[in-house]
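Data block below; observations after.
2 protein chains.
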Amino acid sequence: MSFRKFSSDADVIAFARQHSDLFTADEALKVEEIGDGNINFVYRVSGASASLIIKQALPYVRIIGEGWPLSQDRVRIEAEALQLEAKYCPDLVPRVYSYDAEQCAIVMEDIGAFANLRVVMVQRQKLPLLAEHLGRFLADTLFYTSDLYLDTYEKKSLVKGFINPDLCKISEELFFWDPYCDHERNSINELIRADAEQLWQDTALKLEVARLKAKFLNQAEALLHGDLHSGSVFANESGTKIIDPEFAYVGPAGFDIGSIIGNYLLNVAGQANQAGDHAERSDYQQWLLAGICTLWNTFEQGFRQHMQTETRDPSLQLEEYADWYLCELLQDSLGYAGTEIIRRTIGLAHVMDLESIEDAERRADSERLALKLGQVLIKHRATINSIDQVIDMLRQQLHCR
Amino acid sequence: MSFRKFSSDADVIAFARQHSDLFTADEALKVEEIGDGNINFVYRVSGASASLIIKQALPYVRIIGEGWPLSQDRVRIEAEALQLEAKYCPDLVPRVYSYDAEQCAIVMEDIGAFANLRVVMVQRQKLPLLAEHLGRFLADTLFYTSDLYLDTYEKKSLVKGFINPDLCKISEELFFWDPYCDHERNSINELIRADAEQLWQDTALKLEVARLKAKFLNQAEALLHGDLHSGSVFANESGTKIIDPEFAYVGPAGFDIGSIIGNYLLNVAGQANQAGDHAERSDYQQWLLAGICTLWNTFEQGFRQHMQTETRDPSLQLEEYADWYLCELLQDSLGYAGTEIIRRTIGLAHVMDLESIEDAERRADSERLALKLGQVLIKHRATINSIDQVIDMLRQQLHCR
Ligand SMILES: Nc1ncnc2c1ncn2[C@@H]1O[C@H](COP(=O)(O)OP(=O)(O)O)[C@@H](O)[C@H]1O
Ligand SMILES: Nc1ncnc2c1ncn2[C@@H]1O[C@H](COP(=O)(O)OP(=O)(O)O)[C@@H](O)[C@H]1O
Numbered sequence: 018m019s020f021r022k023f024s025s026d027a028d029v030i031a032f033a034r035q036h037s038d039l040f041t042a043d044e045a046l047k048v049e050e051i052g053d054g055n056i057n058f059v060y061r062v063s064g065a066s067a068s069l070i071i072k073q074a075l076p077y078v079r080i081i082g083e084g085w086p087l088s089q090d091r092v093r094i095e096a097e098a099l100q101l102e103a104k105y106c107p108d109l110v111p112r113v114y115s116y117d118a119e120q121c122a123i124v125m126e127d128i129g130a131f132a133n134l135r136v137v138m139v140q141r142q143k144l145p146l147l148a149e150h151l152g153r154f155l156a157d158t159l160f161y162t163s164d165l166y167l168d169t170y171e172k173k174s175l176v177k178g179f180i181n182p183d184l185c186k187i188s189e190e191l192f193f194w195d196p197y198c199d200h201e202r203n204s205i206n207e208l209i210r211a212d213a214e215q216l217w218q219d220t221a222l223k224l225e226v227a228r229l230k231a232k233f234l235n236q237a238e239a240l241l242h243g244d245l246h247s248g249s250v251f252a253n254e255s256g257t258k259i260i261d262p263e264f265a266y267v268g269p270a271g272f273d274i275g276s277i278i279g280n281y282l283l284n285v286a287g288q289a290n291q292a293g294d295h296a297e298r299s300d301y302q303q304w305l306l307a308g309i310c311t312l313w314n315t316f317e318q319g320f321r322q323h324m325q326t327e328t329r330d331p332s333l334q335l336e337e338y339a340d341w342y343l344c345e346l347l348q349d350s351l352g353y354a355g356t357e358i359i360r361r362t363i364g365l366a367h368v369m370d371l372e373s374i375e376d377a378e379r380r381a382d383s384e385r386l387a388l389k390l391g392q393v394l395i396k397h398r399a400t401i402n403s404i405d406q407v408i409d410m411l412r413q414q415l416h417c418r
Numbered sequence: 018m019s020f021r022k023f024s025s026d027a028d029v030i031a032f033a034r035q036h037s038d039l040f041t042a043d044e045a046l047k048v049e050e051i052g053d054g055n056i057n058f059v060y061r062v063s064g065a066s067a068s069l070i071i072k073q074a075l076p077y078v079r080i081i082g083e084g085w086p087l088s089q090d091r092v093r094i095e096a097e098a099l100q101l102e103a104k105y106c107p108d109l110v111p112r113v114y115s116y117d118a119e120q121c122a123i124v125m126e127d128i129g130a131f132a133n134l135r136v137v138m139v140q141r142q143k144l145p146l147l148a149e150h151l152g153r154f155l156a157d158t159l160f161y162t163s164d165l166y167l168d169t170y171e172k173k174s175l176v177k178g179f180i181n182p183d184l185c186k187i188s189e190e191l192f193f194w195d196p197y198c199d200h201e202r203n204s205i206n207e208l209i210r211a212d213a214e215q216l217w218q219d220t221a222l223k224l225e226v227a228r229l230k231a232k233f234l235n236q237a238e239a240l241l242h243g244d245l246h247s248g249s250v251f252a253n254e255s256g257t258k259i260i261d262p263e264f265a266y267v268g269p270a271g272f273d274i275g276s277i278i279g280n281y282l283l284n285v286a287g288q289a290n291q292a293g294d295h296a297e298r299s300d301y302q303q304w305l306l307a308g309i310c311t312l313w314n315t316f317e318q319g320f321r322q323h324m325q326t327e328t329r330d331p332s333l334q335l336e337e338y339a340d341w342y343l344c345e346l347l348q349d350s351l352g353y354a355g356t357e358i359i360r361r362t363i364g365l366a367h368v369m370d371l372e373s374i375e376d377a378e379r380r381a382d383s384e385r386l387a388l389k390l391g392q393v394l395i396k397h398r399a400t401i402n403s404i405d406q407v408i409d410m411l412r413q414q415l416h417c418r
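Take a look at the structure:
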């Protein structure tokens with residue numbers, strides 16, 4: 018049997034039964050196509066007692082069609098990344114019940130009890146454990162897949178196993194090229210076109226973006242999730258689940274950290290002009306900034322602890338090296354946060370945090386704030402050596418408007 | 018037929034005839050085992066009209082035996098690296114006539130007309146084209162195998178094809194670990210043991226070495242030769258050949274540049290106490306320093322020219338990025354030069370440039386100078402932004418003794 022797209026509910030149900038023992042033989046099952054993603058097909062199969070999710074990758078991008086072919090190897094990469102993440106943070110990812118290489122499909126835990134973080138943030142819900150969970154996820158996945166922990170053979174085979182050019186190419190272009198020139202793929206609110214044009218003239222900014230891109234291209238530091246935006250995080254009061262690592266590859270650790278920090282800040286920018294009470298929105302902005310602080314501190318403590326006790330390579334055990342490394346990583350993270358913010362504001366793929374502001378003028382104001390935050394992070398990151406400094410810098414940007 | 022070591026001259030001759038058309042059918046051929054290397058077997062097959070070289074890799078290190086197994090994949094890597102280098106600098110590498118995967122053997126051009134650069138330097142011969150040739154080799158091989166030139170697919174498949182953990186592990190340990198602690202593999206002249214011990218206490222140095230090691234482990238910047246010491250270079254008045262890229266892998270560009278600069282400086286340190294006329298030795302030291310300058314300048318001009326006219330990735334075409342990149346690369350190169358100098362002085366594998374100084378006190382003096390140069394390069398590289406500054410710094414170290 019060779020690959021074919023699931024063609025009916027019965028098809029999906031048969032596959033679900035075959036690849037899990039969640040359901041009883043006589044249990045009536047129903048199927049829903051729930052994918053709100055742009056790339057793959059996602060089905061929920063549910064019965065009276067249980068439910069599961071099936072994600073299938075077609076040889077092209079779902080919303081575009083055959084005109085944008087995309088390697089199905091991405092689903093192997095997603096399955097293997099989920100399994101590796103589960104080794105270190107089993108509570109923070111959906112369990113993979115089965116991966117079928119031929120059907121390019123993953124059968125996994127239904128995390129329907131958790132809400133999409135982007136929606137959570139637009140609705141200004143405060144989740145008490147979120148930032149800690151994200152910090153721990155990053156500390157564990159990034160440490161245990163780096164040269165600090167793996168030996169040369171393990172590390173190099175990790176690099177080889179996660180070579181992912183189709184998906185990397187998308188990020189290389191959307192993050193580091195399109196937004197810095199008048200690219201046809203960009204989507205720009207006409208009201209901020211002048212701001213975008215100014216950015217395209219900013220050589221100092223473009224130099225820093227080139228440096229960040231070069232690291233993205235060639236720094237094989239740790240296995241990244243690769244697409245850690247708010248839409249890849251599902252969370253509620255008591256837990257957090259991180260899904261969709263199909264962009265996983267061995268790259269610069271700061272990219273994952275920066276992606277999620279960038280998404281916090283996109284919401285900060287959005288809250289400046291979202292509907293609702295001003296005080297409540299300001300308060301939520303402060304909650305988000307405090308969250309960035311908690312996220313980094315949790316990450317830093319966890320990662321430092323790992324470095325102190327589990328670094329296998331004796332030449333990387335020096336405490337001074339840990340200090341230097343974590344400072345450099347913070348700066349990288351801020352740079353990548355800036356590129357995420359900018360590309361989500363004037364690039365191809367926008368976010369609800371800004372797009373849901375109905376009034377175009379008010380949206381433009383938030384977009385300008387987003388561009389400003391992005392530029393400051395990218396250009397001033399080299400002067401930063403603590404997360405408190407970062408938060409101060411961000412607060413200043415919010416105040417001086 | 019599966020792998021077997023060549024067991025007789027007739028064996029080698031039959032293989033040579035089968036894998037090249039250099040010889041006529043009735044030409045009498047003879048075989049010499051000429052390998053002075055430590056790792057593989059090298060044979061010269063010669064007749065009246067022509068000669069060629071056969072290099073065979075066994076599944077272990079030649080001088081150690083089966084106690085140190087080593088992947089035979091290294092010979093595929095060497096053959097492919099030679100072929101890739103030949104694409105860009107055909108005059109600077111031996112031609113590969115044939116590569117036989119099963120016999121783990123490369124059949125290649127005999128470069129017997131060229132002399133081992135280490136011997137050339139110990140004898141204080143001045144070769145007029147050497148530094149330019151090395152600079153061009155580095156500019157071409159490093160540029161055309163980097164993300165500046167290759168697209169994502171080409172680059173990532175290069176990384177995959179040159180994953181070389183057995184050989185990388187050797188460098189990781191011998192360059193970046195052993196010399197910085199009291200490792201049993203080290204070989205230290207008793208007269209400089211105190212100097213070595215002082216170095217083991219130098220945290221600032223060890224921090225910098227950790228940073229250089231981290232880049233060696235994870236910066237997949239360009240395809241490196243990986244073992245570019247004087248013994249891998251063969252040269253005469255009119256030409257230069259670079260052999261033995263079995264350590265090739267995609268790593269930080271500065272490692273190759275630094276390795277060869279480090280070898281120039283090992284000879285500079287040796288000349289301080291070699292036999293022969295003092296003025297002649299000082300003059301040769303100045304010739305070597307001028308050579309480092311020419312090497313870097315040739316490299317820099319060539320690489321910059323490539324960057325300006327052949328960089329395919331639009332986000333890396335900025336002139337300011339080229340400036341930044343080349344400055345960073347110079348600093349990296351100096352750091353790696355320092356690690357090469359130090360590991361050749363107190364690590365496992367020493368060099369004739371120092372070892373041939375018979376008097377132990379005089380050898381110790383040169384070894385101390387070598388350690389000093391190595392330390393200064395590693396610790397002060399961040400303050401350097403031109404090759405002239407480097408040469409000034411090195412001259413100062415020579416004068417202030
Ligand atoms: N394990 C899961 N449990 C519940 N819902 C899921 C699960 N995986 C995906 N989904 C739903 O499907 C949507 C698309 O999934 P995602 O993995 O992001 O697909 P894509 O790769 O196409 O972006 C998610 O936003 C989420 O609503
Ligand atoms: N193409 C060649 N032409 C002439 N001599 C060669 C050639 N290749 C190797 N040799 C000789 O064999 C020696 C060992 O070769 P090398 O490639 O350095 O082996 P190893 O990998 O064992 O270090 C060289 O130092 C050189 O003297």
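Order-wise, the sequence lines are chains A and B.
In this text, residue positions in the first sequence follow my numbering: the first is 18, and each later residue adds one.
In this text, residue positions in the second sequence follow my numbering: the first is 18, and each later residue adds one.
Ideal placement from N, C-alpha and C gives every residue a C-beta, glycine not left out.
It should be emphasised that the depicted structure is a prediction, and the values quoted were computed from it without experimental measurement.
Report whether the distance from the Cβ of residue i to the nearest heavy atom of ligand 1 is below 6 Å.
i                 : result
Asn203 of chain B : no
Asn57 of chain A  : yes
Met369 of chain A : no
Ile123 of chain A : no
Asp38 of chain A  : no
With distances taken Cα to Cα, identify the nearest neighbour of residue i among the options.
i                 : options                                : result
Gln236 of chain A : A:Ile180, A:Asp261, A:Glu201, A:Tyr60  : A:Ile180
Gly178 of chain A : A:Val124, A:Arg360, A:Ile94, A:Glu190  : A:Ile94
Gln322 of chain B : B:Asp340, B:Glu190, B:Val137           : B:Asp340
His377 of chain A : A:Leu283, A:Asp349, A:Glu207           : Here residue 377 of chain A turns out to be Ala, not His, going by the sequence shown. When each option's Cα is compared against that of Ala377 of chain A, the closest is A:Glu207.
Gln133 of chain B : B:Gly54, B:His295, B:Gly352            : Note on residue identity: the sequence assigns Asn, not Gln, to residue 133 of chain B. Nearest C-alpha to Asn133 of chain B: B:Gly54.
Gln334 of chain B : B:Leu282, B:Leu165, B:Leu241           : B:Leu165
Ser266 of chain B : B:Gly84, B:Glu83, B:Lys258, B:Glu102   : Note that residue 266 of chain B corresponds to Tyr in the displayed sequence, not to Ser. Comparing Cα-Cα distances from Tyr266 of chain B to each of B:Gly84, B:Glu83, B:Lys258, B:Glu102, the minimum goes to B:Glu102.
Met369 of chain B : B:Thr328, B:His397, B:Tyr281, B:Leu394 : B:Tyr281
Tyr60 of chain A  : A:Glu372, A:Met125, A:Asp409           : A:Met125
Ile80 of chain A  : A:Cys417, A:Phe272, A:Phe58, A:Ala227  : A:Phe58
Tell me which residues share the same chain as residue i and place their Cβ nearer than 8 Å to its Cβ, disregarding the 5 neighbours each side in the sequence.
i                 : result
Asn314 of chain A : Gly152, Ile404
Leu388 of chain A : Ile209, Asp212, Ala213, Leu216, Ile358, Ile359, Thr362, Ile363
Leu175 of chain A : Thr162, Leu167, Leu240, Val267
Leu191 of chain A : Arg202, Arg360, Gly364, Leu365, Ala366
Taking 7 Å as the limit between beta carbons, can you name the residues of its chain near residue i, skipping five residues before and five after?
i                 : result
Tyr105 of chain A : Asp157, Thr158, Tyr161
Val137 of chain A : Leu144, Ala252
Output, in chain order, the set of chain B residues within a Cβ distance shorter than 8 Å of residue i.
i                 : result
Asp164 of chain A : Ala231, Leu234, Asn235
Glu327 of chain A : Per Cβ cutoff of 8 Å: no residues; Glu327 of chain A is ~16 Å from chain B at best.
Check the Cβ of residue i against every Cβ in chain B and list those closer than 7 Å, keeping chain order.
i                 : result
Glu238 of chain A : Asn235
Lys173 of chain A : Ile180, Pro182
Would you say the beta carbon of residue i comes nearer than 6 Å to a heavy atom of ligand 2?
i                 : result
Ile277 of chain B : no
Gly54 of chain B  : yes
Ile128 of chain B : yes
Pro111 of chain B : yes
Asp273 of chain B : no
In chain order, what residues of the same chain have a beta carbon less than 6 Å from the beta carbon of residue i, not counting five sequence neighbours either side?
i                 : result
Tyr116 of chain A : Ala96, Ile123
Can you name the residues of chain A whose CB is closer than 8 Å to the CB of residue i?
i                 : result
Ser332 of chain B : Phe193, Trp194, Tyr197, Lys223, Val226, Ala227, Lys230
Leu335 of chain B : Thr220, Lys223, Leu224, Ala227
Given that residue i touches chain A, what residues does it touch there, using C-beta distances under 7 Å?
i                 : result
Tyr338 of chain B : Leu224, Ala227
Kindly list, in the order they appear in chain B, the residues whose Cβ is closer than 9 Å to that of residue i.
i                : result
Tyr14 of chain A : Since the displayed chain A opens at 18 and closes at 418, residue 14 of chain A lies outside it and no answer follows.
For a contact defined as C-beta to C-beta under 9 Å, what are the partners of residue i on chain A?
i                 : result
Val176 of chain B : Val176, Lys177, Ile180, Asn235, Ala237
- [ ] Enumerate, from N- to C-terminal direction, the unbroken beta strand (DSSP E) stretches of 3 or more residues contained entirely within the stretch 221-270 of chain A.
- [x] List check, beta strand (DSSP E) in window: 239-241, 250-252, 257-259, 266-268.
- [ ] Jot down the residue ranges of each uninterrupted alpha helix (DSSP H) in the stretch 367-394 of chain A, minimum 4 residues, whole runs only, in chain order.
- [x] Correct list: 369-372.
TODO: For the stretch 59-98 of chain B, list the beta strand (DSSP E) runs that are entirely contained and at least 3 residues long, ordered along the chain.
DONE: Counting whole runs of 3 or more residues, the stretch 59-98 of chain B contains the beta strand (DSSP E) stretches 68-73, 82-86.
TODO: Please specify which runs of the beta strand (DSSP E), each continuous and at least 3 residues long, are wholly inside the stretch 118-151 of chain B, giving them in chain order.
DONE: For secondary structure counted as the beta strand (DSSP E) over 3 or more consecutive residues, the stretch 118-151 of chain B holds these complete runs in sequence order: 122-126.
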